[in-house]
Amino acid sequence: MNDQLNRSSADKRNMIDDNFYTLRLFVTGATPNSIRAISNLKQICESHIKERYSLEIIDVYQDASIAEQEQLIALPLLIKKRPLPERRLIGDMSDNDRVLRGLGIIVNL
Numbered sequence: 000m001n002d003q004l005n006r007s008s009a010d011k012r013n014m015i016d017d018n019f020y021t022l023r024l025f026v027t028g029a030t031p032n033s034i035r036a037i038s039n040l041k042q043i044c045e046s047h048i049k050e051r052y053s054l055e056i057i058d059v060y061q062d063a064s065i066a067e068q069e070q071l072i073a074l075p076l077l078i079k080k081r082p083l084p085e086r087r088l089i090g091d092m093s094d095n096d097r098v099l100r101g102l103g104i105i106v107n108l
């Protein structure tokens with residue numbers, strides 16, 4: 000289930016840009032919570048930071064060593080690597096406002 004989205008050469012150049020988001024979502028297989036987290040996060044990203052993000056989806060069942068390396072405590076877990084500061088969000092990403100705040104995205108109403 001390792002998945003890479005929006006990884007063109009233009010995206011790689013933008014990875015140092017503060018407007019470009021580097022995200023890693025850790026899930027546990029195809030559980031309902033994992034599927035919801037993936038769907039919710041993709042919807043949020045496409046609605047608010049379209050073409051300004053890379054999303055790597057990592058199934059810890061397929062790569063157990065990553066859980067230790069990243070010191071994962073609960074899943075699903077989203078790690079925002081860029082822009083800094085790094086942030087971690089736990090859950091199925093269904094609370095849009097919480098996810099947007101965690102990503103540092105300000106939505107003007």
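Numbering that gives the first Met the number 0 applies: residue 0 is where the sequence shown begins, and numbers increase by one.
Beta carbons are placed, not taken as given, at the ideal position from N, Cα and C, and that holds for glycine.
Residue i in three-state terms, based on DSSP
i      : result
SER64  : helix
VAL106 : coil
ASP96  : helix
LYS80  : strand
ILE56  : strand
LEU74  : coil
ARG86  : strand
ARG51  : coil
PHE19  : coil
Beta-carbon separation (whole angstroms), residue i vs residue j, contact threshold 8 Å
i      : j     : result
PRO84  : SER33 : In fact, because the Cβ distance is near 26 Å, the residues do not count as touching under 8 Å.
SER112 : ASN18 : The shown model of the chain, from 0 to 108, leaves out residue 112, and the question about it has no answer.
ILE104 : ILE48 : 7 Å
ASP91  : ARG35 : 4 Å
Chain C contact for residue i (CB, 9 Å cutoff)
i     : result
ARG51 : No chain C appears in this structure, which consists of one protein chain only.
Check whether residue i and residue j have beta carbons under 9 Å apart
i     : j     : result
SER53 : TYR20 : yes
VAL59 : THR30 : no
Sequence-distant residues of the same chain with beta carbon closer than 6 Å to residue i, five excluded per side
i     : result
LEU77 : LEU24, LEU88
Cut-off 7 Å between Cβ atoms - residues of its own chain near residue i, not counting five sequence neighbours on either side
i     : result
ILE37 : LEU24, VAL26, ILE56
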